[in-house]
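Here is the structure we will look at.
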Amino acid sequence: MGGEGTGTHLSFAVLGPLEVHDGNGPLALKGPRHREVLARLIAAEGRVVPLDQLIDDLWDVPPPGATAAIRTFVSALRRTLEPHRPPRRPARLLVTAPPGYALRTTPHTVDAQRFETATADSGTLLEEADPARALSILEEALALWRGPAYAEFADRPWARGIAERLEETRLVAVERRAEALLNLGRHNEAVPLLHAHTLAHPLREDAWRQLALALYRSGQQAQALTALRRARDILADELGVDPGPRLRRVHDDILAHAPHLAPPRPPAPPSHLLLGRDRELRCLEQAAATATRTTTPTTVLISGDPGTGKTALAEAFTHRMATRGWTTAWGRAPEHDGAPGTWPWTQIATTLTATAPTTPPPDPDPVTTRFHALRAATDLIAHTTRRGPLLLVFDDLHQAGEETLELFTTLAAHTPPGPLLLVGTHHPGTNRPPLTAALARLAPHEPDRIHLRGLTRPATDDLVRAITGHDVTPHHLALIHRRSDGNPFFARELARLLRSRGADALDAIPAGVGDIIHHRLATLPRPARRLLDQAAVIGRDVDPAILAALADDEEELLDTLDTVLLAGFLTEEGATGLRFTHLLVRDAIYDAMSHARRTRRHAAVAAALETLRPDDNAALAHHYGRAGTPAAARRAAHHARLAALHAQRHFAPYEAARLWRAAATAHDRSATTDLRGRLEATMGMARALAVTGRLDEARRQRSHALTTAAQLGDPHLTAQVLTTFDVPAVWTRGDDPELAQRIADTARTTLDALPRNDAHQRARLLSTIALELRATPHGRRAALQAETIARGLDDPGLLALALNARFLQSFDRTGLAPQRAEIGTELLDLATRHDLVTFEILGHLILLQAHSARADLASADTHATALDRLGDRHEIPLIGVFTQGYTALRLAIAGKRDEAASAYHATDALLATSGMPGMRHGLLSLALASLHLPGPAPTTTPHDSPYAPWLLALTTPQAPTPPPPPRGHLDEALTCLAAQAAITANDHAAMDRAYRRLLPAAPELAGAGSGLLTMGPVAHHLGDLAAAQGRPADAAAHYRQARRVALTAGSALWADAARTATRALR
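Residue numbers for the sequence shown follow full-length UniProt numbering, so the first one is 1 and each next one is one higher.
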């Protein structure tokens, strides 16, 4: 919020770089002097800063006209902060107040003031023995820090004292957080926090005291005493003083095993009864024991239908392990689209660290950014496990975003320095491809699996008796067990109904859980039902502040909340939150609402969120997107855009793709003609889809974007659309020739319309033409021009793109593997030096192909290994297509035909989901045919294969002469097939054409430049052609060369074939 009465929703952030946010996102502030004036006024906390003081603070030696400059800065700031203020109306936020200016903020609108208030309140709460609430507000307050306070102005005298005060307060907050953890019996979680804190601030005595106490309570008495000795030495060396009385006292108490050092009683167990799960708990304990004995993480997957108690089991196990000294942390997947896909990890990291996880530095290469984000996560886990065993629970994986699933599988494959137990819960049979893919990636790590079924009859009876609090007849016990099928949630709901309405109600209702819930709802007063409707629209986790904003009377709201809490529909979560007791309760209530009522509720929640959390763009997009009006759709598009940009910055590409799609859908529903906004959403979606490997869908979105850009007629915008999709390309046969031609034509037209001096954009457009018109004269010219321009600019990414373009144009004749090796070597060196991971991968792929063509399989093996390593490190399954294909090629060269055939089928299965139909189409039939050479050709050929003319010419005597093959990876392979067909048909003209075409590639393996298949040494086919043309001397020379190539490649099959062919000449 802005100052009182301003009507402007602004928040100011100085705990890091200066930022100002309104309800639509961050405001664009002008130059450094404007920013410093604003920061100086924020630091005054609403007080007047005299003009003379402002001038002295801004300049060491004020320039002439300093007063006028200050007025200019203030005027510009006012336009930014109050853009809708009518002309000649006085400013209400940045005001003139003699003898200077003041910024009329309120304490809750400035993050620094909120932080200091929260830290002060935490001290009071700790004194009042309320560590849980203290911990909650401290974690929220510490999460406000994005870097040093007033970071941009650290060297300015006016900022130095304020920044130092805030930093001191931050250190106090960290120590109070540790104190709250100690008071809650969570000493294992306090240890890593305090280790890091004392390392960074070794002169803080109380932190050393807390660390020693946390270590002692964790059973590490020797380490506790070591920490105290280190504190004593540091104080003596740095300050020349002895430890203070509190530090000396804890030292003596540890030596004496003073009773008051014992940890407080452990936290209360989970509120839900856990009955009938003893066997499952034993399985989890066995997994924990395994984790402490092995050097790799232990993973357990708990599955079960909704309501079977997956979360309850994990909660009970977590409580048990926490009482045994394990550090535990939970990440719950969001149950609606309004939360970020990385939310579970944010929850876990906030538990394990003093602040929320930091964002990796922005990087031009998205794969590099993803690597840094995953690396930061594994580093945090490693740091925590060094201090003791760690249990991480990822709840509801079936609802998790792909970023969370990727992290879960990465941690399962990671090797931390200490025990790590990963537990994931999910619904079985959930038909979500991301979850299916994640479970497949987990399979090699052999996770333990626990599937929850219904409770036994005795366990169900115990649960019912515990809830009803009185004896229940055997008839009704049997009825509840039969109707619930032992499902704990269903049984609990039926037992509550029995308790509240009696046995007659139980006999009358049908068995569906929705009917059970609605029957119970019918017993509630109307205000309680309305509140539950509102809560169901908010989601499984309910913010009471939103309910308060929707309520007409606060006292009535509190009374109504008491009613629904007592009825068991909601439960209190933490110090300030609410949560539906089960997702099924929330879903049943939500689904029962009419469409009209639901849309009105979403609109009301969105309006409340705009006031309470104007920066929560993902949630705002979710609710506005379901509010059902064109005006709401426009707001949904706006917030989805901001949320998508945030997801991109934090490298959550799957989340970004979903949000850009939501923005595009909202634009379509908004009844406006905002083509630029719709275009931005489409471009963003295409970019995010490409990064996640969904290339075919990304191409479709790119096509839509081109259509929209053409309608706008803006060449600069069209250039952005064309160059957004700069995904490295490795295969010469395109996936959509019509779209490729359209893109190339549009790029040429756009080039003509752009100014000649826009070198960067021209180079990108030329590269785009070359990447689309692969292996064509127009493409070759564009590639050479792009490379020439790029080499004159200091832009490694642009040069890498141009080298990619030149690679795809290096197939204008056969035998160019050495040239491609040079391109790959330069590209790999460039990408490695500048951390361009996608182009590093491309460099290895080019070199794998080039070395395979030259029969240097030892070098190709090196690059295949590097590719697998990069694929594992960066979670890029697309790499597996090429390395699996290379495995098949190696088997084929070794003469292991059956194994090679199986490997080719496996490669085809990977290609089917790769989004590269141009590469996949017909490749399997061609690869399988290659396994028959030397020897009889296969008898069947798919007629729809793009390679059918060459395969049919080899197998069908009356087939027409195949045309010259297209230039590309398979030129030599297809020409060899054409050569064999010409020999069979005794077509000397065709033999002569094939001979001339193949001769430059004589030292190579035909087709191995694809890295996937080979027709054997090119020289062998040249020998066959020379022999058929009556030139035995030339044929013998070619066969000798073929034998040398075969032996270099390690192919006894082809070496023997060359020797046999040579003997046949005699």
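Here a beta-carbon is modelled for each residue, glycine too, at the ideal position from N, C-alpha and C.
DSSP three-state call for residue i: helix, strand or coil?
i: P266; result: Confidence in P266 is poor, its pLDDT being 48 and thus under 50, which makes the residue's placement too unreliable to answer from.
i: P360; result: Confidence at P360 is low in this model, with a pLDDT of 49, below 50, so its placement is unreliable and the value that follows should be read with caution. In the structure shown, P360 sits in coil (DSSP, three-state: anything other than H, G, I, E or B).
i: T355; result: Note that T355 scores 39 on pLDDT, short of 50, meaning its location in the model is unreliable and no value can be drawn from it.
i: G147; result: coil
i: P462; result: Checking the sequence, you will find Asp at residue 462 rather than Pro. Looking at D462 - three-state DSSP - the assignment turns out to be helix.
i: A1006; result: coil
i: Y947; result: coil
i: P50; result: strand
i: E19; result: strand
i: W59; result: coil
i: G454; result: coil
i: R114; result: helix
i: G331; result: strand
i: residue 1109; result: Shown here, the chain extends from 1 to 1066; a query on residue 1109 therefore has no answer.
i: D237; result: helix
Please list the terminal residues of the continuous beta strand (DSSP E) segment that includes residue i.
i: V95; result: 94-97
i: R277; result: R277 -> no beta strand (DSSP E), and no H or E assigned at all.
i: V393; result: 390-395
i: E82; result: Note, E82: premise wrong, no beta strand (DSSP E); not H, not E.
i: L609; result: From DSSP, L609 is part of no beta strand (DSSP E) but of the alpha helix (DSSP H) over 595-612.
i: T298; result: 298-304
i: S11; result: 11-13
i: T425; result: 420-426
i: L578; result: 577-580
i: A1042; result: Segment 1032-1049 is the alpha helix (DSSP H) holding A1042; no beta strand (DSSP E) there.
Find the nearest neighbour of residue i within the set the options, judged by alpha-carbon distance.
i: G915; options: R780, L689, V464, A173; result: L689
i: V393; options: T415, E402, T351, R375; result: T351
i: T327; options: L182, E280, I467; result: L182
i: T865; options: E285, A322, T460, L848; result: L848
i: W59; options: E82, H34, E45; result: H34
i: A149; options: H426, R170, A222; result: R170
i: N487; options: L10, P728, L463, V472; result: L463
i: I846; options: D856, V837, L827; result: L827
i: G843; options: V174, H257, A821; result: A821
i: Q785; options: P243, S767, A709; result: S767
i: A759; options: A790, P777, A729, L773; result: A790
i: A522; options: E554, D552, A567; result: A567
i: E680; options: V691, E403, R742, H704; result: H704
From which residue to which residue does the alpha helix (DSSP H) around residue i run?
i: F569; result: F569 -> no alpha helix (DSSP H), and no H or E assigned at all.
i: W208; result: 205-217
i: T838; result: 837-853
i: V37; result: 32-43
i: E403; result: 402-413
i: A633; result: 630-649
i: A1001; result: Where A1001 is concerned, there is no enclosing alpha helix (DSSP H), given that its DSSP letter is neither H nor E.
i: A802; result: 796-808
Indicate whether residue i and residue j have their beta-carbon atoms separated by less than 7 Å.
i: A644; j: A666; result: no
i: G331; j: F490; result: no
i: A180; j: L135; result: yes
i: L497; j: R483; result: no
i: R78; j: A91; result: yes
i: A214; j: L274; result: no
i: T425; j: I302; result: yes
i: R146; j: G276; result: no
i: T950; j: L977; result: According to the sequence provided, residue 950 is Trp. The question's Thr does not apply to it. Taking 7 Å as the Cβ cut-off, W950 and L977 qualify as a contacting pair.
i: A231; j: W208; result: yes
i: L138; j: F115; result: no
Are the C-beta atoms of residue i and some chain B residue less than 7 Å apart?
i: H582; result: Looking at the structure shown, chain B is missing, and only one protein chain is on hand.
If we count Cβ pairs, one from each stretch, closer than 8 Å, do we get three or more for the segment 746-764 versus the segment 706-720?
yes
Does the segment 679-687 come within contact of the segment 653-662, defined as at least 3 CB pairs closer than 8 Å?
yes
Could you tell me whether the segment 979-993 touches the segment 831-840, where touching means 3 or more Cβ pairs closer than 8 Å?
Contact fails: fewer than three Cβ-Cβ distances are below 8 Å.
Do the segment 996-1016 and the segment 1033-1051 touch if we need at least three Cβ pairs shorter than 8 Å?
yes
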